[in-house]
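All remarks here apply to the structure that follows.
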Amino acid sequence: MESRVLKPILAVYTLLFILFLYGPFFVLAILSFQQGPEGGPQFPIIEWSTYWYRHIFGLTPPSRVAPLPLGGALFRSLTLAFMTMVTSTVLGVMSAQAFRRRFRGSGVVFYLIVLGMMVPGVLTGLGMSLLANNILGIERHWWSTAFVTHVVYTFPFAFLVMLAILNRFDSSVEEAAWSLGVSPWRTFRKVTFPLIFPGVLSAMLFAFTLSYDEFSRTLFASGRDQTLPLAIYGTFSVEIHPNVFAFGVLTTVFSFALLAVYAILMTMSVQRAKKMALQEEIA
Amino acid sequence: MSNTAAAAPSTNTGKSSSWWLIAPGAIWMALFLVAPILLIVYVSFWTQTTFKIEPTLTFKSWQTFFGSDTYINSLWTTLRIWLIVLVTTFVIGYPTALFVGLFVKNKTLSTVLLVICVIPFWTSFLIRVLAWRPMLGKEGAINIILMKLGIIQQPIEALLFTELSVVIGMTQIYVVFMVGPIAFMLGRIDPNIIEAARDLGADFWRIFRKIIFPLSLPGVVVGGIFVSVMVLGEFATAAALSGRKVNLLGNIIVTQVGSLKWAMASVVGVILTVVMGLVIAGFLRIVDLKREL
C-alpha cells in the first residue's frame, strides 16, 4: 500500500512546513542578541549581547540609533485593548443571549455582526475616517474612532464564542430558578453567568489580543498618538535596527504570558465547577 | 427550537427582551460598520480639489482611476499577487492538511499539530512580516545557508524587496488559514469509505481523486475565501518587504488618505470591495457551503 510510503513523506513535509512557519521568527530572535550599537540587523553575530534589550528600556548611553517611541504607545495599546475587551465581551454576551430565542430578522442581524470580522481593516478603517473627518468633522483619536472600529472587529469573535457556549447550554437550570421566583437578572448573575464563564474568558482573550495587535484599522482611525503596532509600522520605511527584533521578542513573551494567565483562570474555573458538582452529589 | 417551546409562557416578555439584548450590538454595527462602508461609495463621487473635498457629485475621481496607468497597474498587481498567493497557500498547505486531517489517526496528535501551526499568530502580525527581512536579505539567513551548502556561489539579490518577497511573506502568514479548514473537512471523512474503495482495488491516487479531494473541497473553498479576503485587503506586507516597489490597492488607499485625497481613496475602496465580492461569489459557485457544512 502506498500509504506506507506516503505517510513518512507527508510527516517530513509537515515538519518542513512547521519550520517554514517558525523559521523567520527564530532568526529574528537570534539577531535580537546582536552586539550594539554598531551591529546591524543581519548575520554574522559580531558578539552576543543584550544591548538592544537594554536599548528598548533606555538603559544604554545615547547613540545614533533613536530609541523606539514605546512608552506612551504601550500605555495606549493596553488601555485600548482593555476598553475593547470589556465592550465587545458585554455586547457579545448580550447578543448571544438574544439569539437563544428566534426573533424576527435574526438571520440579518447574524450576518450583520459576522460581517465585522470579514471586512478587511483597510475598508472599515477608511470608512471610519471618512465618517469622522468629512461627515462629523471630529478629530480622530485612539480612544474614540479607533476604539469603536476595534469593537466592530472583535465583537463578532466574542459573539461567536458565546453563541457556541450557549448552544450547548442546558436551559433547564435557568427555568428551575425562574419557577422558584428568582428574577431574570439575578438568575443570570447567579446561575447563567457562572456556567458560561469559561466562554466569557475566551471571548475576553480573543478581544484583548486582537485589539492589542490590531494594525490596519488603527492606522486609519486613530489620530496622531501611536499605538504599539503603529510604532512598529513607523520603523518599516526607515533603516531597521535589532532593537525592533528585541521588541518583537518581548511582545511575543507578553502574548504568551497573557495566554498563561488565561490557561490558569480557565483551569481554576473548571476545577471550581467540578468541586460544585461534587458538593451537589454529596448533598 | 426546543427552548422556544419551553419558554412559551413568557413569550411576550421574551420577545421584547430579545430586542433589548440585540439592539446595542446591532446598532453599533449599523453605525460603525455599515454606515462607514456606504459612506465610501458616496464619497467616491465627491469633488476633490487640491486643498479640500466637497459633496458635489461627480465622476471625476472614477475617470482619473481608469485613466491612469499607475492605478490600473496596481489593480493588476493586486489581482496577480492574490492569485499567486492563493495558489501557493493551497499547494503548500494541502499536503500538511492531508497529513494532519487524514493520516494522523490519533486525535490528540492532530490537535497538537494544529495548535503548533496557530501559535505563531500570538506574535504581532507586523513582527512576523518584519522577520522576513533578515531571512531574505542579501546577507540574510537563506542566502548564507545556500552558500554554505554550496548550492549558490553568489547571494541571490532577488529575494528581498521584490514581488517574490511579498509572495513568500504572505504565503507564510496566511497559509494556516488554508490548512485549518481543509484539515477539518478531511478529518470528517468516514474511514470506512476509503477502506471500501481500497478493498475494491482502487490505488491511493484514484481514491484521492475520486473521494478525498471532492470531500475536502468545502474546506478548500472556506480557506480560499479567508486567504482571498485577507490578501486583497493587504498593504503592510507589501510596504515592508517590497521596498515600496509593489503597490497594492491597499497601499494606494493608505497613500491617498495620507495626502487627504479622500475621493480617490474611496474610489479604490469601492473597487476593492467589488473585487472581493466577485471573488467570494465565485468561490461560492464552486460549492454550496450551506449544504456541505
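In the order they appear, the protein sequences are chains A and B.
Taking the working numbering, the leading residue of the first sequence gets 558, the next gets one more, and so forth.
Taking the working numbering, the leading residue of the second sequence gets 257, the next gets one more, and so forth.
The beta carbon of each residue, even a glycine, is placed where N, CA and C say it ideally should be.
Neighbouring residues, chain A, relative to residue i (Cβ below 7 Å)
i        : result
B:ALA537 : Under the 7 Å cutoff, chain A gives no residues; its nearest Cβ is about 14 Å from B:ALA537.
B:ILE400 : PHE600
B:THR364 : Simply none; closest approach about 16 Å.
B:ALA495 : PHE793
B:GLU419 : None at all; the shortest Cβ gap to chain A is about 17 Å.
B:GLY393 : GLN599
B:GLY506 : VAL679
Beta carbon proximity, residue i to chain B, threshold 9 Å
i        : result
A:VAL709 : yes
A:PHE750 : no
A:SER620 : no
A:LYS564 : yes
A:MET642 : no
A:MET558 : For A:MET558, the pLDDT reaches just 46, beneath the cut-off of 50, and the residue's location in the model is therefore unreliable, although a value from the coordinates is still provided. Yes, A:MET558 counts as interfacial toward chain B.
A:GLY694 : no
A:GLY649 : yes
A:VAL676 : yes
A:LEU526 : Here chain A comprises residues numbered 558 to 840, so residue 526 of chain A is not present and cannot be evaluated.
A:LEU627 : no
A:GLY684 : yes
A:VAL679 : yes
A:LEU737 : no
Proximal chain A residues relative to residue i, where beta-carbon distance stays under 8 Å
i        : result
B:TRP518 : LEU687, ASN690 and ASN691
B:TRP275 : ALA655 and PHE660
B:PHE433 : Within chain A, no residue comes near B:PHE433; the closest Cβ sits about 12 Å away, beyond 8 Å.
B:TRP338 : Under the 8 Å cutoff, chain A gives no residues; its nearest Cβ is about 12 Å from B:TRP338.
B:ILE542 : Simply none; closest approach about 18 Å.
B:ILE309 : ASN691
B:GLY406 : Chain A residues near B:GLY406: none, gap ~18 Å exceeds 8 Å.
B:PRO447 : Simply none; closest approach about 12 Å.
B:ALA397 : GLY580, VAL584 and PHE600
Beta-carbon gap between residue i and residue j smaller than 9 Å
i        : j        : result
B:ALA492 : A:PHE763 : no
A:PHE813 : B:GLU395 : no
A:PRO677 : B:LEU370 : no
B:VAL477 : B:VAL435 : no
B:ALA353 : B:ALA439 : yes
Short CB-CB distance (under 9 Å) between residue i and chain A
i        : result
B:LEU528 : yes
B:ASN259 : Residue placement at B:ASN259 is poorly supported in this model, since its pLDDT is 42, which falls under 50; the coordinates are not used for a value here.
B:ASN268 : Caution applies to B:ASN268, whose pLDDT of 46 falls short of 50 and renders its modelled position unreliable; the value that the coordinates give is listed next. So no, B:ASN268 is outside the interface.
B:ALA282 : yes
B:GLY243 : In the structure displayed, chain B extends from 257 to 549; residue 243 of chain B sits before or after that span and is not available.
B:PHE359 : yes
B:GLN428 : yes
B:SER330 : no
B:LEU522 : Note that residue 522 of chain B corresponds to Ser in the displayed sequence, not to Leu. Chain A contact via Cβ: present.
B:GLY489 : yes
B:MET246 : Because chain B spans 257 through 549 in this model, residue 246 of chain B falls outside it and cannot be assessed.
B:ARG586 : Since the first and last residues shown for chain B are 257 and 549, residue 586 of chain B lies out of range.
B:GLY525 : yes
B:ILE468 : no
B:MET532 : yes
B:THR367 : no
B:LEU295 : yes
B:ALA263 : Since pLDDT at B:ALA263 reaches only 40, below the 50 mark, its modelled position is unreliable, and no value is offered.
B:TRP318 : no
B:PHE346 : no
B:PRO411 : no
Contacts of residue i in chain E (Cβ-Cβ under 8 Å)
i        : result
B:THR379 : The structure shown contains no chain E; the protein chains it does contain are A and B.
Chain B contact residues for residue i, given Cβ-Cβ distances below 8 Å
i        : result
A:ILE797 : LEU386 and ARG389
A:GLY673 : MET285 and LEU289
A:THR571 : PRO351, THR352, PHE355, VAL356 and LEU369
A:TYR610 : Result: empty, since nearest Cβ-Cβ is about 15 Å, beyond 8 Å.
A:PHE712 : GLY281, TRP284 and MET285
Partner residues on chain B for residue i, Cβ-Cβ distance less than 9 Å
i        : result
A:TYR790 : LEU382, ALA492, ALA495 and ALA496
A:VAL666 : ILE278, GLY281, ALA282 and MET285
Where residue i meets chain B, residues with beta-carbon distance less than 7 Å
i        : result
A:SER652 : LEU277, ILE278 and GLY281
A:ASP770 : SER380 and PHE381
A:ALA851 : An answer regarding residue 851 of chain A cannot be provided, because it is not within the stretch 558 to 840 covered by chain A.
A:PRO786 : SER380 and LEU382
Stretch pair the stretch 335-348 of chain B + the stretch 482-496 of chain B: three plus CB contacts closer than 8 Å: With the cut-off at 8 Å, the stretch 335-348 of chain B and the stretch 482-496 of chain B touch.
Stretch-stretch touch, CB-based, cutoff 8 Å, three pairs: the stretch 705-724 of chain A with the stretch 633-652 of chain A: Contact holds: three or more Cβ-Cβ distances are below 8 Å.
Any 3 or more C-beta pairs closer than 8 Å across the stretch 418-426 of chain B and the stretch 460-477 of chain B: At 8 Å Cβ cutoff, the stretches do not touch.
Stretch pair the stretch 784-797 of chain A + the stretch 381-393 of chain B: three plus CB contacts closer than 8 Å: Verdict: yes, contact present.
Ordered list of alpha helix (DSSP H) runs contained in the stretch 740-771 of chain A, each at least 4 residues: Taking only runs of at least 4 residues, the alpha helix (DSSP H) segments lying wholly in the stretch 740-771 of chain A are 741-744 and 750-770.
Three-pair Cβ contact test at 8 Å for the stretch 288-300 of chain B versus the stretch 704-718 of chain A: Cβ pair count under 8 Å is three or more, so yes.
Three-pair Cβ contact test at 8 Å for the stretch 305-319 of chain B versus the stretch 510-522 of chain B: The stretch 305-319 of chain B, when compared against the stretch 510-522 of chain B, does touch it at the 8 Å Cβ threshold.
Stretch-stretch touch, CB-based, cutoff 8 Å, three pairs: the stretch 791-810 of chain A with the stretch 597-612 of chain A: Yes: the two stretches touch, three or more of their Cβ pairs being nearer than 8 Å.
Cβ pair count under 8 Å reaching 3, the stretch 736-754 of chain A against the stretch 355-368 of chain B: Using a C-beta cut-off of 8 Å, the stretch 736-754 of chain A makes no contact with the stretch 355-368 of chain B, since fewer than three inter-stretch Cβ pairs fall below that distance.
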